[in-house]
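To start, the structure under review is shown below, and the notes come after it.
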Amino acid sequence: MPIKEIQEVKDANNKLICKIESETGILQNIYKKQEIKVRLEVGQSIQLARGGCITLVKRIDKTEYDIKSYKKSA
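If you use my numbering, the sequence shown corresponds to residues 5 to 78, in order.
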(Lines of atoms letter the chains of each structure in order from A; the text may use other names.)
(Lines give C-alpha, C1' and ligand atoms only; values in the text may rest on other atoms or scores of the structure.)
Protein backbone atom coordinates (compact mmCIF):
# COMPACT_ATOMS: atom_id res chain seq x y z
CA MET A 5 0.00 0.00 0.00
CA PRO A 6 1.60 3.30 -1.05
CA ILE A 7 2.19 6.01 1.54
CA LYS A 8 0.07 9.09 0.90
CA GLU A 9 1.92 12.39 0.86
CA ILE A 10 0.17 14.96 3.05
CA GLN A 11 1.08 18.62 2.64
CA GLU A 12 0.39 21.06 5.48
CA VAL A 13 -0.70 24.54 4.41
CA LYS A 14 0.01 27.49 6.70
CA ASP A 15 -1.41 30.99 6.42
CA ALA A 16 0.36 34.37 6.56
CA ASN A 17 0.31 34.13 10.39
CA ASN A 18 2.14 30.77 10.14
CA LYS A 19 -0.91 28.90 11.47
CA LEU A 20 -2.03 25.56 10.03
CA ILE A 21 -5.01 26.29 7.77
CA CYS A 22 -5.51 22.90 6.07
CA LYS A 23 -3.90 19.69 4.87
CA ILE A 24 -3.82 18.42 1.29
CA GLU A 25 -3.41 14.85 0.13
CA SER A 26 -1.18 15.67 -2.83
CA GLU A 27 -2.12 12.99 -5.38
CA THR A 28 -5.87 12.82 -4.79
CA GLY A 29 -6.41 16.56 -4.33
CA ILE A 30 -8.37 16.06 -1.10
CA LEU A 31 -8.15 19.16 1.06
CA GLN A 32 -9.13 18.89 4.73
CA ASN A 33 -9.83 21.84 7.00
CA ILE A 34 -10.73 21.32 10.67
CA TYR A 35 -11.64 24.38 12.72
CA LYS A 36 -13.69 24.69 15.91
CA LYS A 37 -15.06 21.13 15.66
CA GLN A 38 -16.13 21.65 12.03
CA GLU A 39 -14.54 19.55 9.32
CA ILE A 40 -14.59 20.46 5.64
CA LYS A 41 -13.26 18.08 2.98
CA VAL A 42 -13.17 18.95 -0.70
CA ARG A 43 -11.49 17.41 -3.72
CA LEU A 44 -9.71 19.92 -5.93
CA GLU A 45 -9.48 18.93 -9.57
CA VAL A 46 -6.61 20.31 -11.69
CA GLY A 47 -7.30 24.00 -12.32
CA GLN A 48 -9.71 24.41 -9.39
CA SER A 49 -9.06 26.64 -6.40
CA ILE A 50 -10.46 27.37 -2.96
CA GLN A 51 -10.25 30.42 -0.72
CA LEU A 52 -10.01 29.97 3.06
CA ALA A 53 -10.36 32.88 5.50
CA ARG A 54 -9.40 32.65 9.15
CA GLY A 55 -7.82 34.84 11.82
CA GLY A 56 -7.41 37.92 9.66
CA CYS A 57 -5.80 36.00 6.77
CA ILE A 58 -7.01 34.89 3.37
CA THR A 59 -5.36 31.82 1.85
CA LEU A 60 -5.82 30.77 -1.77
CA VAL A 61 -5.03 27.19 -2.80
CA LYS A 62 -5.02 26.27 -6.51
CA ARG A 63 -4.25 22.82 -7.91
CA ILE A 64 -1.78 23.25 -10.78
CA ASP A 65 -1.33 19.60 -11.81
CA LYS A 66 -1.58 16.12 -10.29
CA THR A 67 0.79 16.85 -7.38
CA GLU A 68 1.57 20.60 -7.52
CA TYR A 69 -0.34 23.40 -5.79
CA ASP A 70 -0.06 27.19 -5.87
CA ILE A 71 -0.58 28.57 -2.36
CA LYS A 72 -0.85 32.27 -1.57
CA SER A 73 -1.75 33.78 1.79
CA TYR A 74 -2.02 37.37 2.91
CA LYS A 75 -3.32 39.37 5.83
CA LYS A 76 -6.60 41.23 5.35
CA SER A 77 -6.24 44.99 5.32
CA ALA A 78 -8.09 46.90 8.03
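Note that CB positions come from ideal geometry on N, CA and C, so glycine has one too.
Quick caveat, the model's predicted, so the values are computed rather than measured.
Subject >> N-terminal and C-terminal residue of the beta strand (DSSP E) that Glu12 is part of >> reply: Per DSSP, Glu12 is one residue of the beta strand (DSSP E) stretching across Ile10 to Lys14.
**OP:** Using the Cα positions of Leu60 and Glu9, report the straight-line distance between them to the nearest angstrom.
**Re:** Approximately 20 Å between the Cα atoms of the pair.
Original post:
Do Asp15 and Arg54 have their C-beta atoms within less than 8 Å of each other?
Top reply: At a Cβ-Cβ threshold of 8 Å, Asp15 and Arg54 count as neighbours.
Subject >> Length of the line joining the Cα atoms of Lys72 and Cys57 >> reply: Cα-Cα distance, rounded: 10 Å.
**OP:** Report whether the distance from the Cβ of Lys41 to the nearest heavy atom of the ligand FAD is below 7 Å.
**Re:** In the structure shown, the ligand FAD is absent, as is every other ligand, since no ligand is present at all.
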